[in-house]
Amino acid sequence: MVIPPSLYHKSMLFFQKRHLALILVFVLSTIILLTNLNGQDFSLDEPDTVAVARTIGEFGYPSAWDGRALIDVEGNFTQIGNRYVWTWHPWLQHYLAYFGLHVFGKAPGDIRLIFAFFGVMTVLMTYHIAHALFKSRLVALLVSVQLIFCLPFFLYIRQIRYYSPSAFFSVVTFYFFVKIDRQKNLSIKEKVGFLLSYILLFLSNYIIWVSSAVLIAGKLVLSRQWKLLGAVFAISICAGIWFFIFRPYSGNAGLFVVQPIEVYHRVITYLHYINNVVLPAIVVAIGLIATKRSELRIFLIWIGVKVFMYGTFQSAQGRYIVDIIPIVIILAGFVYQQLLKKQQLFLVTLIFLISAFTNVFSLALYPHEWKLRNVQFWPRAYFYELTGSYQSPMPQLGSYLKAQARPGDLFLSNEYRWYLYLYSDVPHASTLCKDNHLAGPAGTADISKVRWIIMFRYNTRLIQDVKNLCEGDKLTGFKKIPMTFSSRTVRINDPDIVNRAFPPIPLRSDDIEIYEKF
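In UniProt numbering, the protein residues as written are 1 to 518.
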């Protein structure tokens with residue numbers, strides 16, 4: 001169906017007004033991404049980000065030890081003398097969380113604000129890239145709005161985690177990657193902007209930075225930009241010194257795999273995820289057919305190399321590819337651009353609405369996750385996320401522990417230990433067995449000081465008798481404590497779209513069991 005020329009040209013003139021589309025993107029992204037940030041409690045890894053961030057005021061750097069509790073049970077720190085330096089992640093996310101704590105407040109939504117703002121900036125940067133590529137404000141607007149309503153992007157960038165800053169600095173780095181490919185030489189201002197984004201990307205996420213560094217180095221070598229390559233190399237040397245001193249991942253080398261078959265399966269998982277909830281493969285295929293391959297080459301190289309490198313990580317999960325979601329969404333712009341050249345505004349609108357708000361196109365390929373094998377209407381999820389206010393059990397549990405705790409008391413939990421610590425200030429034991437504990441301060445590794453055992457019966461990896469957590473190490477003398485929760489209380493909600501419930505699942509009476517030493 002072709003739109004009448006008069007209506008088509010009026011539509012084009014409306015969107016070509018200077019800055020109008022950009023203003024619409026800014027307003028819409030601000031409203032959608034910053035609304036109801038406090039609707040649900042901390043989720044997944046947010047509590048440990050906040051708990052580590054709180055140590056900055058005491059030590060000046062993110063520490064796994066805050067003076068009372070060891071904020072770790074998996075060796076995510078490096079012990080340097082009597083310091084427990086957090087090294088599992090670079091530190092930008094912790095300084096942002098610390099800033100949010102002291103400027104906006106301690107509630108989850110207050111701390112999330114600055115991270116969501118990085119999400120807004122990511123959308124604006126995506127608009128800028130799309131406008132520069134397609135020379136069309138309408139195409140840039142469609143791509144940006146599609147990113148705003150990409151549900152995994154929406155969920156992750158509102159988290160107190162590295163997701164939004166790493167997505168932003170990755171998109172900025174990609175912008176300069178494209179400029180280097182197209183115009184070869186950057187201006188002084190552009191070089192400064194590129195190098196700054198390159199440094200901040202390293203401070204956001206190691207793995208995302210390494211994958212970007214490989215691509216950037218290759219592009220600079222091919223384009224013979226030796227001076228800029230020298231600056232990138234100098235920054236990389238500094239990053240190498242950081243790795244040598246702090247040794248991140250030294251205790252978790254098993255997180256990376258090199259077996260070809262395992263890497264293959266993870267890559268396929270990521271491609272399924274992209275098709276299911278980011279951009280349908282059929283839209284990408286249309287773009288490949290309708291567009292010159294040379295124009296798509298830079299996108300396919302960037303996405304392909306990153307997906308392959310992320311495939312070497314032990315677990316393939318949506319949050320590990322948050323940095324390439326905006327780049328994948330821009331691919332839809334090639335389809336919109338070609339159709340608009342033929343004045344197919346109706347077809348553009350149809351493809352945009354179906355691919356942005358449903359998974360109908362994704363069902364053309366067999367979805368990887370069973371939950372996504374049915375037709376989904378994503379605005380329903382947005383309704384619950386933007387309007388609902390859901391009560392978590394953690395504040396009530398934390399208040400109980402805080403009111404009853406004596407100096408030296410510890411609690412032991414199979415899940416959500418840092419949620420409880422944030423709300424109670426009662427340390428979690430850093431050991432499960434006397435002969436199986438981290439190298440940490442003795443006060444948190446003494447099993448005899450455990451006063452409470454809290455068992456979450458859902459979403460748990462530890463299915464053992466509460467009185468026999470470790471073979472041969474009995475925890476005796478505990479009695480079950482009754483605790484009643486409001487009917488409005490819900491389970492903690494995972495941010496991954498595959499596991500997230502819309503709305504959150506109500507808490508059942510047997511979901512949480514509390515045992516206290518008598």
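For glycine and all other residues, C-beta sits at the position ideal for the given N, C-alpha and C.
In this chain, the alpha helix (DSSP H) harbouring L228 covers 226-246.
Taking all protein chains in view, the Cβ of Q93 is crowded by 16 or more other Cβ atoms within 10 Å, so the residue is classified as buried. Cα atoms of T87 and P407: separation of roughly 29 Å, rounded to the nearest angstrom.
Looking at the DSSP output, H428 bridges to F411. If you compare the alpha carbons of F149, F168, P152 with that of I114, the shortest gap goes to F168. If you draw a straight line from the Cα of K402 to the Cα of I32, it is about 36 Å long.
About 17 Å separates the beta carbons of Y156 and S144, which is beyond the 8 Å limit, so they are not a contact pair. Taking 8 Å as the upper bound for CB-CB distance, Y416 and F456 are in contact here, some 6 Å apart. 8 Å or more divides the Cβ of F352 from the Cβ of F377. Contiguous beta strand (DSSP E) elements confined to the stretch 20-98 occur at 77-80, 83-86, taking only those with 3 or more residues.
With contacts defined by Cβ atoms closer than 8 Å, F26 and L133 do not form a contacting pair. Taking a contact as a CB-CB distance under 8 Å, the pair S43 and I505 does not count as one, their CB atoms being some 13 Å apart.
Relative to the Cα of I245, the nearest Cα in the group Y400, Q79, E513 belongs to Q79.
The shortest C-alpha to C-alpha distance from F411 to any of V221, L34, E58, L70 is the one to L70. Sequence-distant Cβ neighbours of L34 in its own chain, meaning closer than 8 Å and more than five residues away, are L113, A116, F117, V120.
Counting along the chain, K184 sits inside no beta strand (DSSP E), nor does DSSP assign it H or E at all. Note on geometry: alpha-carbon atoms of I261 and L345 lie some 44 Å from one another. In this structure W226 is exposed. Its beta-carbon is surrounded by fewer than 16 other beta-carbon atoms within 10 angstroms. The stretch 183-196 makes no contact with the stretch 103-110, as fewer than three CB pairs between them are under 8 Å.
Boundaries cannot be given for V278, as no alpha helix (DSSP H) includes it and DSSP labels it neither H nor E. Within the same chain, and ignoring the five residues on either side of D496 in sequence, the residues whose Cβ sits closer than 6 Å to its Cβ are G318.
Non-local beta-carbon contacts of V305 in its own chain, meaning distances under 7 Å to residues more than five positions away in sequence, involve S211, V214, L215 in chain order.
In this structure, the straight-line span from the alpha carbon of F361 to that of F383 is close to 22 Å. Minimum Cα-Cα distance from N82 among the listed residues Y390, Q146, F59, W91 corresponds to F59. Within the model, the alpha-carbon separation for L20 versus P280 is close to 29 Å. A straight-line Cα-Cα distance of about 39 Å links Y198 and V426. The bridge partners DSSP lists for W452 are F411, E516. Put simply, the backbone Cα of V85 is about 8 Å away from that of W65. P506 has V490 as its beta-bridge partners, per DSSP.
For K480 against I454, the beta-carbon gap comes to about 11 Å, at or over 8 Å, which does not count as contact. In the same chain as P248, and ignoring 5 residues on each side of it, the C-beta atoms closer than 7 Å to its own belong to T87, W88, Y206, in chain order.
Take the alpha-carbon of P503 and the one of I241: they are about 46 Å apart. The secondary-structure analysis by DSSP pairs T358 across a beta bridge with F377. Rounded to whole angstroms, the separation of the alpha carbons of A285 and I327 is 16 Å. Taken through DSSP and simplified to helix, strand or coil, K480 comes out as strand. With a beta-carbon spacing of about 6 Å, K219 and F177 fall inside the 8 Å limit used to define contacts.
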